[in-house]
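Scroll down for the structure; my scribbles are underneath it.
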Amino acid sequence: METFHVSTKGQSIDDTEIEERMFGLGPNATDITVQIQDFRPALLDVLGSRLNVITSLEIVNGDWVTSLELHRYLCESPHLLHLKAPRIAIIAEDLYTFSKTLNNADSTVAATEATATAATITGTGQQASGVWACRQLKTLHASFYSRHSFRAGEGGAGLCRHVFGYISRVCPRLSRLEISSMESMWQDDADAYPGKMYSGCMALESGLCLLARLKELRWILLGCNDSDPKVRNVDVSWIFLADETSLARKAERRQIVSSWAVDVETDLKRSQANNSSSSGSRRTEDMESELSERLQNLGTLLDVKRMIDEMDAIDNFECWPLLRGISICRQGGLGQSRRNELRRLLQETKVHDTVSYLPRLFACFPSEWAGG
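The opening residue of the sequence shown carries number 24 in the working numbering; numbering runs sequentially from there.
Here is the structure:
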């Protein structure tokens with residue numbers, strides 16, 4: 024027997040019985056699939072007792088929900104390699120250093136709400152760590168949600184920077200990344216709804232380029248519904264292979280980055296203040312100092328600027344050398360080569376390039392997504 028399903032929905036049973044039902048038939052099970060309605064504190068405690076054996080977790084069915092339980096589980100599961108939970112939206116407020124990228128008023132509200140949520144779920148007023156322990160994660164399929172604006176008028180762009188930066192730092196070994204939905208309650212997208220990807224997710228200021236840190240990435244899917252993301256050539260030019268148009272591409276990026284000067288300066292001052300402060304308990308709690316330092320500027324335009332500087336400093340920078348498929352805001356597609364997908368995006372948004380480099384993209388990889 025390879026697979027069986029156990030559900031405890033609507034039943035009043037204790038943790039011992041849940042564990043007996045789940046692992047009695049398969050005591051050495053490492054691949055677990057549960058339904059959303061079963062993923063609650065009691066089940067989390069049971070899974071927590073199996074930290075050393077569970078390497079794959081899939082949460083299926085149900086409507087879109089937000090969950091602190093999933094985030095908490097990831098913070099306690101160093102051996103997890105594959106997570107598939109497309110309809111569970113992980114709340115950005117629960118991720119590390121979220122309050123640093125909120126304005127002061129929102130930061131206070133976010134901290135209060137996150138603590139209240141933790142108290143409801145854990146029975147205490149303590150928040151989960153904020154940093155996932157699954158640093159060797161290979162597959163991540165999830166959604167993200169924010170209750171608050173990061174800065175006035177930024178909406179989804181700040182959320183994207185935070186999530187992209189977090190994933191690239193905490194899960195650097197990812198091979199397959201699927202983000203079904205990423206939205207902010209106050210985002211600057213009037214048509215936002217559960218399951219939709221923020222329409223500006225490809226914009227340079229949204230920090231998609233932070234995912235270039237994922238050197239082992241083979242498949243990337245952003246958005247599970249058909250929509251029209253806003254994209255310009257300058258937003259995606261960093262994905263292209265270096266050629267005679269590289270200098271022109273860099274100049275376009277530098278022009279955009281220069282418009283962030285005021286915000287970058289603010290981010291830099293905040294970063295310096297945080298470095299000199301000894302009161303950042305969340306920043307140092309149970310974390311390696313190196314990772315803590317890398318997360319210092321999470322969610323900021325400063326982080327994006329430094330990534331762009333790093334890419335532009337390399338003469339023949341190659342983004343995602345192992346990439347086999349990419350899909351942006353498409354329903355039902357398994358992904359195309361980066362050449363075909365980016366051409367589709369640019370054509371659909373009716374952006375006309377003044378520098379002709381589309382024909383000179385990376386050599387076309389197979390358009391099918393090969394398992395995984």
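Note that the Cβ used here is the ideal one computed from N, Cα and C, for glycine as well.
On a predicted model such as this, the values are computed, not experimentally measured, just so you know.
Taking DSSP as the reference, what is the three-state secondary structure of residue i?
i: D338; result: coil
i: H102; result: coil
i: M408; result: Residue 408 is absent from the model: the chain starts at 24 and stops at 395.
i: R110; result: strand
i: M220; result: strand
i: V154; result: coil
i: L160; result: coil
i: V83; result: strand
i: S360; result: coil
i: Q278; result: helix
i: Q370; result: helix
i: L227; result: helix
i: L200; result: strand
i: V186; result: helix
i: V434; result: Absent from the structure is residue 434, since the part of the chain shown begins at 24 and ends at 395.
i: C232; result: helix
i: T323; result: coil
i: I77; result: coil
i: N51; result: coil
i: Y96; result: helix
i: K253; result: coil
i: R317; result: helix
i: T289; result: helix
i: L270; result: helix
i: L365; result: helix
i: R192; result: helix
i: W283; result: coil
i: W343; result: coil
i: R400; result: Nothing in the structure corresponds to residue 400, since the chain is present only between 24 and 395.
Please report the straight-line C-alpha distance between residue i and residue j, rounded to a whole angstrom.
i: K292; j: A284; result: 12 Å
i: P109; j: Q278; result: 36 Å
i: N339; j: A180; result: 28 Å
i: K219; j: L318; result: 27 Å
i: S100; j: V193; result: 13 Å
i: Q354; j: V287; result: 36 Å
i: A274; j: V280; result: 10 Å
i: E40; j: V57; result: 16 Å
i: S350; j: R366; result: 12 Å
i: T307; j: L200; result: Legend: pLDDT at T307 = 45, less than 50; position of this residue unreliable, value from coordinates given subsequently. Rounded to whole angstroms, T307 to L200 spans 28 Å at the Cα level.
i: T323; j: R329; result: 10 Å
i: T140; j: S166; result: Bear in mind that a pLDDT of 40 at T140, under 50, signals an unreliable position, so the model cannot answer this.
i: T268; j: G223; result: 25 Å
i: T162; j: N51; result: 21 Å
i: S239; j: L346; result: Note that residue 239 is Glu in the sequence shown here, rather than Ser. Using only the alpha carbons, I get a separation of about 8 Å.
i: N320; j: S294; result: 7 Å
i: L104; j: T89; result: 22 Å
i: R272; j: V83; result: 42 Å
i: D212; j: V254; result: Below a pLDDT of 50, predicted positions are generally treated as unreliable, and D212, at 47, falls in that range; the measurement from the model is reported next regardless. The straight-line gap from Cα to Cα measures roughly 14 Å.
i: M205; j: D54; result: 27 Å
i: E333; j: I113; result: 29 Å
i: L91; j: S312; result: 25 Å
i: S371; j: E364; result: For clarity, residue 371 is Glu in the given sequence; the question names Ser instead. Their Cα atoms are separated by approximately 11 Å.
i: I111; j: V69; result: 19 Å
i: W242; j: Q359; result: 10 Å
i: I77; j: R95; result: 15 Å
i: L93; j: C232; result: 26 Å
i: R362; j: S282; result: 29 Å
With a CB to CB cut of under 8 Å and the five nearest residues on each side skipped, what residues in its chain are close to residue i?
i: R276; result: L227, V257, S260, W261, I331, D335
i: R158; result: P101, V193, C194, P195, R196
So residue i and residue j are supposed to be a Cβ contact under 8 Å. How far apart are they, rounded?
i: P252; j: L368; result: 7 Å
i: S86; j: G230; result: Note that residue 86 corresponds to Asp in the displayed sequence, not to Ser. The pair is not a contact, with the Cβ atoms about 29 Å apart (cut-off 8 Å).
i: Y221; j: C247; result: Wrong, their Cβ atoms sit about 13 Å apart, outside the cutoff.
i: S169; j: E116; result: 7 Å
i: C352; j: L270; result: Contact doesn't hold; Cβ gap of about 31 Å is too wide.
I'd like to confirm the pairing. Which residues does DSSP put opposite residue i in its beta bridges?
i: S294; result: DSSP, once it has assigned bridges, lists no residue as partnering S294.
i: S58; result: The question names Ser, but residue 58 is Gln in the sequence shown. BP columns for Q58 point to V83.
i: G348; result: W242
i: A18; result: Because the chain here runs from 24 to 395, residue 18 falls outside it and cannot be looked at.
Here's a check: name, in chain order, each residue in its chain whose Cβ is nearer than 6 Å to the Cβ of residue i, leaving out the five neighbours to either side.
i: L314; result: none
i: K408; result: This structure leaves residue 408 out entirely; the chain is present only between 24 and 395.
i: L234; result: F187, S191
i: W343; result: L240
i: S198; result: K161, E239, R241
i: S79; result: D54, H105
Going along the chain, which residues of its own chain have a beta-carbon closer than 7 Å to the beta-carbon of residue i, five neighbours each way excluded?
i: L118; result: G153, H185, Y189
i: D290; result: N320, T323, L324, L325
i: R236; result: S191, P195
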